[in-house]
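Engineer:
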Amino acid sequence: MPTPLRPQEIYLLERFSSKEYYQQMQDAWAAMLKHVEDCLQRFMRQLPTDYRKRGLPMQPDIVWGDTVLPNFRETMIYVDRGFISLTHGDHSGLLGAIGVQGDLRGVKDYWSGWLDEVEPGAEKQYWNLIGRASHFASNIPATADSYWDKGNLSTRFNPSVRGPLDPPSVWPGYRLNSQVQVRTGEPVPQTGVYLPNLDDSCAQFLIASQHFTTYPRNAPETRVGLSPSGFQCASKQPTLWTLVERIPGETVPFEEGLGPLPVPPVYAGQPCPRAGFWFTLAQHDSRRHFQQGEIFPEVPRGLAKGHVLWLWDEEQDGA
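What follows is the structure, given as structure tokens:
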């Protein structure tokens, strides 16, 4: 059974690959950079009398002025270039977010307490701004590099990590466009969200190969399943990717955003949660149609031992 099309997953990939989302990261990084530059200028105008007796890590004009801020400024250049690319329809510009994540990891080694010597609360403001930029940046490269794992943007979505879901009242309607397909290892013909034809995987955002001129970048393998830890995929496999597109004027009810989900088994004596064909292993030829709310029956005495479970039949063809 191929990976199902989940409207919530597609919608979030559209959001994370949009120039509007990228711009929020860009604005936060620019605000952080301005804040730190202003604070350093103010700090240097009112140096403490014992300043040069401090250890080198606590002299921000040397550490931040010569190392940290030049890195921040260089990242700003790449972030700005990325946004310009996005405005011209080139989604390889999304990779401009990578520097934000790298800088956040590196800057944790540098003392930032000097900011509060300029103005109380300046250090907290700094971490709030760089944290906001990093929040957006964490979702952008995973999208641009087709690096999402099964459930990250659907059944396992975590707002404390990914940010608030902030969904629409109804999801856009989506469909597969079989006229635009690409196999692993082939050039991606068109930028967009694609769905793999393998089970136990998820949709990914693929960037048209024409936008990568310094090195070849073709359709990736799909990320299948989850490792025992649940933090990464279990394997990567070649697949056929099919473009997902919006259906003009159509919507999907909010409650169907996760697409078709497994229907859990139900004990006999409990109401049927979903109309359709069900069966129990406790009795031969037990498959039949139940209406939603109908009570699942027990089986004749002697045919079953223990509790009787009714199972949803994945084949709902009425045969």
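Numbering-wise (the working numbering), the sequence shown opens with residue 9 and increments by one.
Idealized CB from N, CA, C, for every residue including glycine.
If the criterion is Cβ atoms closer than 9 Å, does the pair Q43 and Y134 meet it?
Structural biologist: In the sequence on display, residue 43 carries His and not Gln. Yes; because the gap between Cβ atoms is below 9 Å, this pair is in contact.
Engineer: Suppose contacts are defined by Cβ-Cβ distances below 9 Å. Is N205 in contact with L251 by that definition?
Structural biologist: no
Engineer: So L48 packs on P68, CB below 8 Å; how close in whole Å?
Structural biologist: 6 Å
Engineer: Residues in the same chain with beta-carbon distance under 7 Å from A242, minus the five sequence neighbours each way, listed in chain order, please.
Structural biologist: V232, G233, L234, S235
Engineer: By the three-class DSSP mapping on this structure, what secondary structure does W119 have?
Structural biologist: coil
Engineer: Quick test of your reading: F91 and Y155, contact by CB under 8 Å. State the CB separation rounded to the nearest angstrom.
Structural biologist: That pair is no contact at about 21 Å.
Engineer: Give the secondary structure of F285 by DSSP, where H, G and I count as helix, E and B as strand, and everything else as coil.
Structural biologist: In the structure shown, F285 sits in a strand (DSSP, three-state: E or B).
Engineer: DSSP puts S243 in a beta bridge; with which residues?
Structural biologist: Per DSSP, the beta-bridge partners of S243 are V232.
Engineer: Where do the N-terminal and C-terminal ends of the alpha helix (DSSP H) with F298 fall, by residue?
Structural biologist: That residue, F298, is in no alpha helix (DSSP H); its beta strand (DSSP E) goes 296–298.
Engineer: Decide if the stretch 206–216 is in contact with the stretch 279–289; the criterion is three or more beta carbon pairs, one per stretch, under 8 Å apart.
Structural biologist: no
Engineer: So the candidates are L103, F80, T163; which of them puts its Cα closest to the Cα of G265?
Structural biologist: T163
Engineer: On a Cα-Cα basis, can you pick out the residue from F298, Q278, D117 that is closest to G284?
Structural biologist: F298
Engineer: To which residues of the same chain is P246 closer than 6 Å at the C-beta, ignoring the five residues directly before and after it?
Structural biologist: T192, E229
Engineer: I need the DSSP call for E323, collapsed to helix, strand or coil.
Structural biologist: coil
Engineer: For P56 and M66, what's the separation of their Cα atoms in angstroms?
Structural biologist: The C-alpha of P56 lies about 12 Å from the C-alpha of M66.
Engineer: Mark R81 as exposed unless 16 or more other C-beta atoms lie within 10 angstroms of its C-beta, in which case mark it buried.
Structural biologist: Classification for R81: exposed.
Engineer: Go ahead and pull the three-state DSSP assignment for S209.
Structural biologist: coil
Engineer: Need the endpoints of the alpha helix (DSSP H) that Y134 sits in, please.
Structural biologist: 130–152
Engineer: Could you give the C-beta distance for M33 and A152, rounded to a whole number, given that I count them as a contact under 8 Å?
Structural biologist: At roughly 12 Å, the Cβ-Cβ gap does not stay under 8 Å, so M33 and A152 are not in contact.
Engineer: Taking all protein chains shown into account, decide if Y223 is buried (16 or more other Cβ within 10 angstroms of its Cβ) or exposed.
Structural biologist: exposed
Engineer: Could you tell me which of G110, L184, G107, K244 sits nearest to R254, measuring between CA atoms?
Structural biologist: L184
Engineer: If you drop the 5 nearest sequence neighbours on each side, which residues of the same chain put their C-beta closer than 7 Å to that of R23?
Structural biologist: Y29
Engineer: With a 10 Å radius around its C-beta and 16 neighbouring C-beta atoms as the bar for buried, classify E194 as buried or exposed.
Structural biologist: exposed
Engineer: In terms of alpha-carbon separation, which member of W122, G171, V178 lies closest to Y59?
Structural biologist: Residue nearest to Y59 within the set W122, G171, V178 is W122 (criterion: CA-CA distance).
Engineer: Tell me the DSSP secondary structure of I168 in three-state form.
Structural biologist: The sequence shown places Ser at residue 168, not Ile. In the three-state reduction of the DSSP assignment, S168 falls in the helix class, which pools H, G and I.
Engineer: Relative to the C-alpha of P272, which residue among L319, L137, S294 is closest?
Structural biologist: L319
Engineer: Would you mind working out which of A150, T95, L203, D117 sits nearest P10, comparing C-alpha positions?
Structural biologist: L203
Engineer: As an exercise, report each continuous beta strand (DSSP E) stretch of at least 3 residues that is fully enclosed by the stretch 21–91, in chain order.
Structural biologist: none
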